[in-house]
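**Student:** Attaching a single structure in C-alpha cells format; questions to follow.
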Amino acid sequence: MDPNPKRPKTVDRVDSVEVVNSSESTQLLCSIDPNRKRAKTVDRVDSAESTQFPDEVLERVLSLIDSHKDRSSVSLVCKDWYNAERWSRRHVFIGNCYSVSPEIVAARFPRIRSVTIKGKPRFSDFNLVPEDWGADIYPWLSVFALAYPFLEELRLKRMAVSDESLEFLATKFCNFKALSLLSCDGFSTDGLKAIATHCKNLTELDIQENGIDDLGGHWLSCFPETLTSLEVLNFASLNSEVSFDALEKLVSRCKSLKVLKVNRNISLDQLQKLLSHCPQLMELGTGAFTQELISGPVTEFKNMFSNCRNLITLSGLWDATPLYLPVIYPACARLTFLNLSYATLRSDELANLLSHCKSLRRLWLLDTVGDKGLEAVGSCCPFLEELRVFPAHPFDQQIFLGVTESGFVSVSRGCPRLRYVLYFCRQMTNAAVAAIAKNCPDFTHFRLCIMNPGQPDYLTKEPMDEAFGSIVKTCTKLQRLAISGLLTDRTFEYIGKYSKNLETLSVAFAGSSDLGMEYVLQGCPKLRKLEIRDCPFGNAALLSGLTKYESMRSLWMSACNVSMNACRALAKEKPRLNVEVIRDEDGADDSQAHKVYVYRTVAGPRRDAPPFVLTL
Amino acid sequence: MELINFEATELRLGLPGSTEDHRDVKSTNSPVNSNKRSSPEMDSSVSDENDPSRSPPPTKAQVVGWPPVRSYRKNILQGKKSEPERGSGIYVKVSMDGAPYLRKVDLKVYKSYGELLKGLQAMFKCIIGLYSEREGYKSEYAPTYEDKDGDWMLLGDVPWDMFLPSCKRLRIMKSSEVIELTVSAFFFGRNKTTK
C-alpha cells in the first residue's frame, strides 16, 4: 500500500463533523458540499484571481507546526487551510478516546505516523473506575491497520491493552518503532514478547506503571540479535528478572541507546557492566542500589559514572544506602532530573547528595527525607522548577513523620523558579501557603494533598480557603490545581474569580454547597478538566455548567449529590455530550448518580459500554 | 451488644493463653465527618440512631482511592515485590446486619484473618469472633463471605491465600442467624442468602 497517499486533485470528502474548542463558544464545521468548493483547488495554478498559496506550499509551511493546539487553530481559518493542515499532520493527540472514533480520525487525517491516546478518567488510577470500563485500544488498531499501515509510534495512557492487541500491533505494522504504555492494564509480558520479536525497527519500548501480569522476564530475550535500533528501553516497573546476558548484549549492540531504565533485579555490578557499554546514555534508571553480599569494596564502583558525560536524568536507586549513594556523585553536577521517589533516604543522606547537584531542575522525593531534607533542597537547588514529594506511608495514620508546611516553605525560599509542585503532607497552614505563593509566583501546577480529608489549618483551626486563595491570586499562570483540606465555598469563589488560566482542577472532600462548583463553572474561562469526588455538590451545580461542558474535555463527579434525573436533563439538553453514569453494583439507590462522567464527543454514545455504564 | 474477647474464639495455631490485647484498636478522628457533609462513599440520607459505627469516621485504609497514590506506587511501598502487579486492590463490600449502609475494604491490605477482623471491628465498632467447632460462637457477630460460586461461607476455614481470590463480598452476621442458616442448609441444601 502507498505509504504516502497522494492528496487527490478531485474533491476530498470532508465527512467528519468537527467540534472545536474556542474560548467563547463551540463551533461546528459540517460536511461541505464538495462541488461548491471544487473550483478553487483544481484550477489553482491557472486561476488569476486566486491569491491563495498552492496547496503544496501551504502544506509545507504547515508541516513545520508541531503543537496540536496550534494545528487546531490553523484548521479553523478556512477550508483550504483545514485541508492543508489535515494532509500535513503526522501526529494526532486524542485526549479522550471516546471523544472521537477511529474512523473519524482516519477519515480526516490520511498521513498519520504517530498517535497518542488517553483513555480512562484520571480517577481510575485510584480505583474509582471499575474494571472492564472500556478504553480498549483494539478497535483503534484495527482501523489503523487499514488507514495507517505505516504507523510508527503509539503512546497510550490509561487504556485497556490486551496481549492480542500488542500482538496485532507487532505484526500488522511493519514500520512500527515506538511504544509507550503508561498506567494501562490488561496485558502481560507475553504481549511484550510479541513486540520484541516482531518489531524489526523498534526504537522505543517504554513500559511504565501498568497493571501488568508479569509472567517472567523472557520477553527481553525475544529481541533478535539483528535489532540494533533501540534508543529507549524502560522496564523499571516490571518485577521479574530478565536474562542479564541478553540485556547486556542488547545494550552493547544498540549504539543509539539514550534511555535505559532497568528493574530492581539488576544489581550494582551488573549495572556497572551495562554502563560500560553505553556511556552515551542520557537517562538512566538503576536497579537495586545496594549489594547484599559485599563482594568487593565500594571503591570498585566509584568510576561507574565517570564516562557518562551525557547523563542528565537519574532514577531507580532502589534501596539506596549511604554506603553506595556516593557512587553517583560524579554524575550529579550535570543532572537536571533526579527521581528519588523509590529511595527511602533520610534528610542527611539527601543533603549530602544534593550538595553535588547544582543543575537540578526537577526533583522527586519520598517524604522520608523530612523537613530537614527539604531545607537542603532549598539551599542546594536554586534552579529547581519541579518538586514532587510522595508519601512513604500514605495509608498508615499512626505515622507522624513525613513533611510538613515548614519543609515546603524552606523549598520556596530557596527555589523561586518553582513551577510544578506535588506535595503530600499531613499538616498545613494558610500562612505557610501564602508565604509559598509569595516566594514562587510562577506556579503553573500546584497540587497539594493534605492526606487527612477535610483537615483545617492545624494552628488556627480555620478552613484552608485563604491558602488556595493566595495561590490563585498570586500565581496568574496557574494551569493545574489540586486542592485539599477543610475547604468552604470561599475557596471556589477565589478560584472562579482569579484563575484565568486554570485548565485542570481536582477537588476532593471540599465545599459547602452547590455554590462552590457554580463559582468554578462560571469563572475559569480555560477550564478543560474538572474532577470532583466526595463533595456536597448537587443538581443545581451540575446543571449550572450546561453551557460550559462542551468547551471542556470532561467532568467527573463521584460521591456527590447528583440525581439521575439531573443527569438525564443534562443529556437531553446537550446531545453533543456523553453523560455516563457508572452504576454502583449494589444498585441501592437508583435515583442517585454515584459516579458521573460527562465529556464532549463527536462519536455519539459509546457502543462498547459495559452493563454498569449507563449512557443517558 | 456484648463485648466478648474474641481471642478465645480465634482460630489460630498457638498455645492457649498466649494473647495480645486487641482492645486499643484506634481509628483516626478525621474532622471531615462533622454534620456538614456526607462521609466518603456513604449515602447522605443515612440515619444515625442505632448505628454505633457512625462516629468515629472511616480509617484511612478504607476510604477508596485516598490519598490519591497510584496503585503501582502503593504496591511498591507495601513491599509487594513478588506479586503480579495487577495494580488495584481487592475491594469487597462489607455489610453488617443492622447497619443501614455498606462499607468497602481492600483485602490486599491485610495479611491474615486476624488483621482483617481487626480492621472490620474498627470499622463497625463491634467484636467479631471466628466460629470454633468446640466452643461455638462466643461473640454476637460472625463473619461470613460469599465465594465465587455464590455460596455463603464462614470465615476462617481455608488458608488466607486461598480465601483472598475467592471472596466476593463479606457479611457480618448475627451469630444466631448463622446457626439458623447452618441448620436450614443442612436440611434444605445449599442456601443462597438474599440481600
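As they're listed, the protein sequences go chains X and E.
Letter by letter, the first sequence follows residues 34 to 649 of my numbering.
Letter by letter, the second sequence follows residues 6 to 200 of my numbering.
We treat Cβ as the ideally placed atom computed from N, Cα and C, and that holds for glycine.
Ala-543 of chain X: buried (16+ other C-beta within 10 angstroms of its C-beta) or exposed?
**Tutor:** Along the first sequence, read from residue 1 onward, the residue named residue 543 of chain X stands at position 510. Burial call: buried.
**Student:** Does DSSP put His-426 of chain X in a helix, in a strand, or in coil?
**Tutor:** Translated into the one-based positions of the first sequence, residue 426 of chain X becomes position 393. Looking at His-426 of chain X - three-state DSSP - the assignment turns out to be coil, as it is neither helix nor strand.
**Student:** Report yes or no: do the segment 600-608 of chain X and the segment 145-163 of chain X share at least 3 C-beta pairs separated by less than 8 Å?
**Tutor:** Output reads no: the segment 145-163 of chain X does not touch the segment 600-608 of chain X.
**Student:** Using a Cβ-Cβ distance under 8 Å, would Tyr-77 of chain E count as near chain X?
**Tutor:** Looking up residue 77 of chain E in the second sequence gives position 72. Yes, because at least one Cβ of chain X sits closer than 8 Å to the Cβ of Tyr-77 of chain E.
**Student:** Give, in chain order, every unbroken run of the alpha helix (DSSP H) that is at least 4 residues long and sits entirely within the segment 255-279 of chain X.
**Tutor:** Listed in chain order, there is nothing to give.
**Student:** When Cβ atoms are compared, which residues of the segment 150-174 of chain X fall closer than 8 Å to chain E?
**Tutor:** Correct list: Phe-156, Asp-158, Phe-159, Asn-160, Leu-161 and Glu-164.
**Student:** Could you check the C-alpha separation between Val-125 of chain X and Ala-117 of chain X for me, to the nearest Å?
**Tutor:** Taking the first sequence and counting its residues from 1, the one referred to as residue 125 of chain X is at position 92. Taking the first sequence and counting its residues from 1, the one referred to as residue 117 of chain X is at position 84. Approximately 15 Å between the Cα atoms of the pair.
**Student:** Please name the residue in X:Ala-602, X:Ser-591 and X:Thr-648 whose C-alpha comes closest to that of Phe-159 of chain X.
**Tutor:** The count along the first sequence starts at 1 and reaches residue 159 of chain X at position 126. Of X:Ala-602, X:Ser-591 and X:Thr-648, the residue nearest in Cα terms is X:Ser-591.
**Student:** For Cys-458 of chain X and chain E, any beta-carbon pair shorter than 8 Å?
**Tutor:** Numbered from its first residue, the first sequence carries residue 458 of chain X at position 425. Cys-458 of chain X does not count as touching chain E.
**Student:** For Leu-308 of chain X versus Met-337 of chain X, is the C-beta distance shorter than 8 Å?
**Tutor:** In the first sequence, residue 308 of chain X corresponds to position 275, counting from 1. In the first sequence, residue 337 of chain X corresponds to position 304, counting from 1. Closer than 8 Å, so yes.
**Student:** Between Val-99 of chain E and chain X, is the shortest Cβ-Cβ distance under 8 Å, so that the two count as touching?
**Tutor:** Position 94 of the second sequence, counted from the start, is the residue given in the question as residue 99 of chain E. No, Val-99 of chain E does not count as interfacial toward chain X.
**Student:** Considering only residues of the segment 347-393 of chain X, which uninterrupted alpha helix (DSSP H) runs meet the minimum length of 4 residues and lie entirely inside it, listed in chain order?
**Tutor:** Segments of the alpha helix (DSSP H) lying fully in the segment 347-393 of chain X: 362-365 and 380-387.
**Student:** To which residues does DSSP link Ser-591 of chain X through a beta bridge?
**Tutor:** By 1-based counting over the first sequence, the position of residue 591 of chain X is 558. X:Arg-566 and X:Lys-628.
**Student:** Look at the Cβ atom of Ala-409 of chain X, then the Cβ atom of Lys-391 of chain X, and state whether they are nearer than 8 Å.
**Tutor:** For the purposes of this step, residue 409 of chain X is taken as the residue at position 376 of the first sequence. For the purposes of this step, residue 391 of chain X is taken as the residue at position 358 of the first sequence. No, the pair does not count as a contact, with Cβ atoms beyond the cut-off.
**Student:** Which residues in chain X have a C-beta closer than 8 Å to the C-beta of Gly-155 of chain E? List them in chain order.
**Tutor:** The residue labelled residue 155 of chain E in the question sits at position 150 within the second sequence. Result: empty, since nearest Cβ-Cβ is about 14 Å, beyond 8 Å.
**Student:** Cβ closer than 7 Å: which chain E residues qualify as neighbours of Ser-213 of chain X?
**Tutor:** Indexing the first sequence from 1 puts residue 213 of chain X at position 180. Correct list: empty, because the minimum Cβ distance to chain E is about 15 Å.
**Student:** So that I know if they touch, is there some Cβ in chain X lying closer than 8 Å to that of Tyr-115 of chain E?
**Tutor:** The residue you call residue 115 of chain E lines up with position 110 of the second sequence. By this cut-off, Tyr-115 of chain E is not an interface position.
**Student:** Quick check: the Cα distance between Tyr-28 of chain X and Cys-130 of chain X, rounded to an integer number of angstroms?
**Tutor:** The structure shown does not extend to residue 28 of chain X, since chain X is modelled only from 34 through 649, so no value can be given for it.
**Student:** Which residue wins for smallest C-alpha separation from Pro-558 of chain X, given the options X:Leu-266, X:Asn-572 and X:Tyr-531?
**Tutor:** Sequence index remark: in the first sequence, residue 558 of chain X carries index 525 (1-based). For Pro-558 of chain X, the nearest C-alpha among the options comes from X:Tyr-531.
**Student:** Looking at the C-beta of Trp-165 of chain E, does it have a partner C-beta in chain X at a distance below 8 Å?
**Tutor:** Indexing the second sequence from 1 puts residue 165 of chain E at position 160. Not one chain X Cβ lies under 8 Å of Trp-165 of chain E.
**Student:** When DSSP labels each residue in this structure, what does Ala-168 of chain X get in the three-state scheme?
**Tutor:** Taking the first residue of the first sequence as position 1, residue 168 of chain X is located at position 135. Ala-168 of chain X falls in the coil class under three-state DSSP.
**Student:** Quick check: is the beta carbon of Ala-541 of chain X nearer than 8 Å to any beta carbon in chain E?
**Tutor:** Taking the first sequence and counting its residues from 1, the one referred to as residue 541 of chain X is at position 508. Yes, contact with chain E.
**Student:** Quick check: what's the CA-CA separation for Gly-349 of chain X versus Leu-434 of chain X?
**Tutor:** For this step, residue 349 of chain X is matched to residue 316 along the first sequence. For this step, residue 434 of chain X is matched to residue 401 along the first sequence. So the two alpha carbons sit approximately 23 Å from each other.
**Student:** For Ala-384 of chain X and Lys-405 of chain X, what's the separation of their Cα atoms in angstroms?
**Tutor:** Here residue 384 of chain X refers to the residue found at position 351 when the first sequence is read from its first residue. Here residue 405 of chain X refers to the residue found at position 372 when the first sequence is read from its first residue. Roughly 8 Å between the two C-alpha positions.
**Student:** So who's on the other strand from Ser-147 of chain X, going by DSSP bridges?
**Tutor:** For the purposes of this step, residue 147 of chain X is taken as the residue at position 114 of the first sequence. The partner list for Ser-147 of chain X (beta bridge, DSSP) reads X:His-124 and X:Glu-186.
**Student:** Is DSSP giving Val-37 of chain E helix, strand or coil here?
**Tutor:** Counting from 1 along the second sequence, the entry for residue 37 of chain E is found at position 32. Residue confidence is low: Val-37 of chain E scores 34 on pLDDT, short of 50, so the model does not pin down where it sits. Its coordinate-derived value is still stated next. If DSSP states are grouped into helix, strand and coil, Val-37 of chain E belongs with coil.
**Student:** Counting contacts by CB-CB distance shorter than 8 Å, is Trp-71 of chain E in contact with chain X?
**Tutor:** What you label residue 71 of chain E is simply residue 66 of the second sequence in a count that begins at 1. Answer yes: the Cβ-Cβ gap between Trp-71 of chain E and chain X drops below 8 Å somewhere.
**Student:** Secondary structure at Tyr-115 of chain X, three-state DSSP: helix, strand or coil?
**Tutor:** Working through the first sequence from its first residue, we reach residue 115 of chain X at position 82. It is helical.
**Student:** Name the DSSP bridge partner or partners of Val-99 of chain E?
**Tutor:** Within the second sequence, the letter at position 94 stands for residue 99 of chain E. E:Arg-108 and E:Leu-175, per the DSSP bridge assignment.
**Student:** If you run the structure through DSSP and keep just helix, strand and coil, what is Leu-169 of chain E?
**Tutor:** Sequence index remark: in the second sequence, residue 169 of chain E carries index 164 (1-based). Helix.
**Student:** Just list the residues that DSSP pairs Ser-439 of chain X with in beta bridges.
**Tutor:** Within the first sequence, residue 439 of chain X is the residue found at index 406, counting from 1. The partner list for Ser-439 of chain X (beta bridge, DSSP) is empty, contrary to what the question assumes.
**Student:** The alpha helix (DSSP H) that contains Gly-244 of chain X, what's its start and end?
**Tutor:** The count along the first sequence starts at 1 and reaches residue 244 of chain X at position 211. Careful: Gly-244 of chain X lies outside any alpha helix (DSSP H), inside the beta strand (DSSP E) at 244-246.
**Student:** Can you tell me whether Pro-474 of chain X is helix, strand or coil according to DSSP?
**Tutor:** The residue given as residue 474 of chain X occupies position 441 in the first sequence. Three-state result, Pro-474 of chain X: coil.
**Student:** If you measure between the beta carbons of Asp-169 of chain X and Ala-139 of chain X, is that distance less than 8 Å?
**Tutor:** For this step, residue 169 of chain X is matched to residue 136 along the first sequence. For this step, residue 139 of chain X is matched to residue 106 along the first sequence. Contact flag unset, no.
**Student:** Would you give the residue range spanned by the alpha helix (DSSP H) that Arg-523 of chain X belongs to?
**Tutor:** For this step, residue 523 of chain X is matched to residue 490 along the first sequence. It spans 522-531 - the alpha helix (DSSP H) in which Arg-523 of chain X sits, taken as one unbroken run.
**Student:** Does chain X have any CB closer than 8 Å to the CB of Leu-82 of chain E?
**Tutor:** In the second sequence, counting from the first residue as 1, residue 82 of chain E sits at position 77. Yes, Leu-82 of chain E lies at the interface with chain X (some Cβ there is under 8 Å from its Cβ).
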